[in-house]
Structure formats: structure tokens, C-alpha cells
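First residue of the sequence shown? That's 1273 in the working numbering, and the numbers climb one at a time after it.
Quick reminder that beta carbons are idealized off the backbone N, C-alpha and C, glycines included.
Remember, predicted model here, so these are calculated numbers, not experimental data.
Presented below is the structure to which this report refers.
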Amino acid sequence: MKIIAIYTIVALLIVGGIFSLLSSHHSPDERLVGRWREISWQYEKLDSPSTASDASIFAISEHIKREISRDLVIHQAETWEILPHGQMQLHLQGGEIKALDWRLKGRGHILKLMGKNRPLEHYQIQKLNGDSLEVHFNSDLQTRGIIKMTFVKEHS
């Protein structure tokens, strides 16, 4: 009889622990919602090996950034405001705001952006926590590798 009581208590503790972990966990959708300010563009991986250890080889100039982002609506924005229910606002440098829709695909690591009369854009979420967001994308242009965009969350 004592063994049954011990097994019952252990089972209840395990189930209770799992339930509390699941209830306190925020989904990637919930963690993504907020206002994100772009702080950098860098090459994450280069297509050709370099012997230089200088961090400047990974930096992207404004001219290259404009060339890469010519056909992409998202890269014209300095601030991404990701709203609940799949809506998004892009705050451009001139004060203009563009509206898009977003979805998370895969295991919550692919950010898919859709706009009116715009091609789909896909970004790989590499890092997402309370204060920072890091996304990667490949460009077809004459770039040297995978582009890494880093954002910080603006708290109001």
C-alpha cells in the first residue's frame, strides 16, 4: 500500500512539473511580438575562405546594403513592429509605414513575410530572446555569403 502511495505522489509531481513548465513557456509567436530596431547587417558566413581576421571583412557597406535590399521591402525599414495575429508594420527612415503579414513556419524558425504585390520573403530566425533578434537570409546578388541582421527590442 505504501508503494502505491509513493508511485502516485511521484506521478503527480511529474505531471504537475510538466504542466507548470508548459504553462510558463511562451511560444515563438509571442516572443516575436514587439518593436524591433535594426542595429547591424553583417556577413555571417563567407563563400570563400579568408585569411584576414579583421572584423571589417564581415561588415556590409551602405551601398552593398542598398543593392542587396533593392527588391526586398523588409530591408528598407529601420524598425520592425511585429503585431499579434500575423500583422506587421515597417517603419521606414522617412516616416512612412508599410503593412505586411507574417507567419512562422517549420518549427518556429522560419519567418515568412507577405505583402500586397510583393514576393514572399523568408528569413531564418537564429536567435530570439527577450532583448535581441537575429535573422539570416541568402541573397542572389553578388554577395559573399549569408547575411545576418541583428535587432534589439525597444521597450516602452
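Between residue 1397 and residue 1374, the beta carbon gap of about 11 Å keeps them out of contact (Cβ cut-off 8 Å). DSSP lists no bridge partner for residue 1280.
Note: residue 1307 is bridge-paired with 1353, 1426 in the DSSP secondary-structure output. Residue 1394: member of the beta strand (DSSP E) spanning 1393-1400, first to last residue. Taken through DSSP and simplified to helix, strand or coil, residue 1403 comes out as coil. In this structure, the alpha-carbon of residue 1295 lies about 10 Å from that of residue 1289.
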